[in-house]
Amino acid sequence: MQLGKLPQTGRPVMDFERNKKIGIFGGTFNPPHNGHYYLAKKALEEFSLDEVLLLPVGLPPHKMQDPVLGRELRRRMVELLAEMDPRFRLCTMELERDGYTYTIDTLRAMRRQLGPGTELYYIIGTDTLFELPTWKEYEQVFSYTTFLCFPRPGDSMARVRRQIAYYQEKFQKTVLLSRHLGPEISSTEIREMFVNGEPLDGLVPDAILEFMEKNHVFR
């Protein structure tokens, strides 16, 4: 099974050069917005990553209360996001999987195909940092990846550092904490603003906003 193909080249992710530092940015991307772009870009720069895989989930078990666009619409929007930086790559692996998608299954498949020499870094926010114990086989997740965590405005950094210290003691694995704050941009608010006809200037990349308007998404 391939990890997913780049729409513009058709080159499968499994053909990436090995022994690289690869970031993984998973999410519903419902829709992709400038906050996603900012985090992926900062992860590349701050942690000297070679590439970031943009990984839209198929059926996320943690997002069942939210209205999620179909897989193809989200794939096409994330494809537009990937085109904004040559070091971004769309990975459709989870979109191609039936049923719920779990990070542990994805990481195992990536490790098999990319080999032990490739370093995997999973990009998260502090909300996810505290949710990790609810993930399927979360203890095993730490053996496959290093987490890159972006704090959010208003976070108690003492609480964040305590949680990181807990994981480090439990799993002997460091969680890397970014010096950059994640932007206050919410996909939920963007959807509501779009439905209400409010301007999304500075919130959504122009190409993605044009796609949303053309395809009447969320309406």
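For what it's worth, full-length UniProt numbering labels the leading residue of the sequence shown as 1, then goes sequentially.
By construction, the Cβ of each residue, glycine as well, lies at the ideal position given by its N, Cα and C atoms.
Computed from a predicted structure; not experimentally measured.
(1) Decide if glutamate 94 is buried, meaning its Cβ has at least 16 other Cβ atoms within 10 Å, or exposed.
(2) Is it the case that the segment 150–161 contacts the segment 46–58, given that we only count it when at least three CB pairs across the two stretches are under 8 Å?
(3) Please report the distance separating the alpha-carbon of phenylalanine 25 from that of proline 31.
(4) Under 8 Å by Cβ, that's how I've got isoleucine 190 and threonine 118 pegged, so tell me the actual separation to the nearest angstrom.
(5) For glutamate 46, report the span of its beta strand (DSSP E) as first-last.
(6) Compare the Cα-Cα distances from proline 56 to each of Phe47, His33, Asn19 and report the closest residue.
(7) Grouping DSSP H, G and I as helix and E and B as strand, with all else coil, what is tyrosine 167?
(8) Can you tell me which of Phe211, Pro116, Glu83 puts its alpha carbon nearest to the alpha carbon of lysine 41?
(9) With respect to the beta strand (DSSP E) encompassing isoleucine 24, which residues constitute its N-terminal and C-terminal limits?
(10) For the candidate residues Leu80, Leu177, Leu39, whose alpha-carbon lies nearest to that of threonine 146?
(11) For tyrosine 52, write down the residues that DSSP places opposite it in a beta bridge.
(12) Could you tell me whether the Cβ atoms of arginine 75 and threonine 92 are closer together than 8 Å?
(13) So, helix, strand or coil for glutamate 119, using DSSP?
(14) Using a 10 Å radius around the Cβ and a threshold of 16 neighbouring Cβ atoms, would you call glycine 197 buried or exposed?
(15) Give me the Cα-Cα distance between methionine 1 and leucine 203, rounded to the nearest whole angstrom.
(16) Threonine 146 lies in the beta strand (DSSP E); which residues open and close that run?
(17) On the DSSP letters alone, give me the boundaries of the alpha helix (DSSP H) that glutamate 94 sits inside.
(18) Just checking my contact of glycine 58 with arginine 97 at CB under 8 Å: how many whole Å lie between their CB atoms?
Let me spell this out:
(1) buried
(2) Judged by Cβ distances under 8 Å, the segment 46–58 makes no contact with the segment 150–161, as fewer than three pairs qualify.
(3) 14 Å
(4) Going by Cβ atoms, the distance from isoleucine 190 to threonine 118 rounds to 33 Å, so no, they are not a contact pair.
(5) That residue, glutamate 46, is in no beta strand (DSSP E); its alpha helix (DSSP H) goes 34–46.
(6) His33
(7) Helix at tyrosine 167.
(8) Glu83
(9) If you look at isoleucine 24, you'll find it in the beta strand (DSSP E) that goes 21–27.
(10) Leu177
(11) A small fix is needed here, since residue 52 is valine in this sequence, not tyrosine. Its beta-bridge partners are Gly23, Phe88.
(12) Their beta carbons are under 8 Å apart, which means arginine 75 touches threonine 92 by this criterion.
(13) strand
(14) exposed
(15) Per-residue confidence for methionine 1 stands at a pLDDT of 29, beneath the threshold of 50, marking its modelled position as unreliable; no derived number is given.
(16) 146–150
(17) Run containing glutamate 94: none; DSSP gives neither H nor E here.
(18) Glycine 58 to arginine 97, Cβ: 5 Å. Contact.
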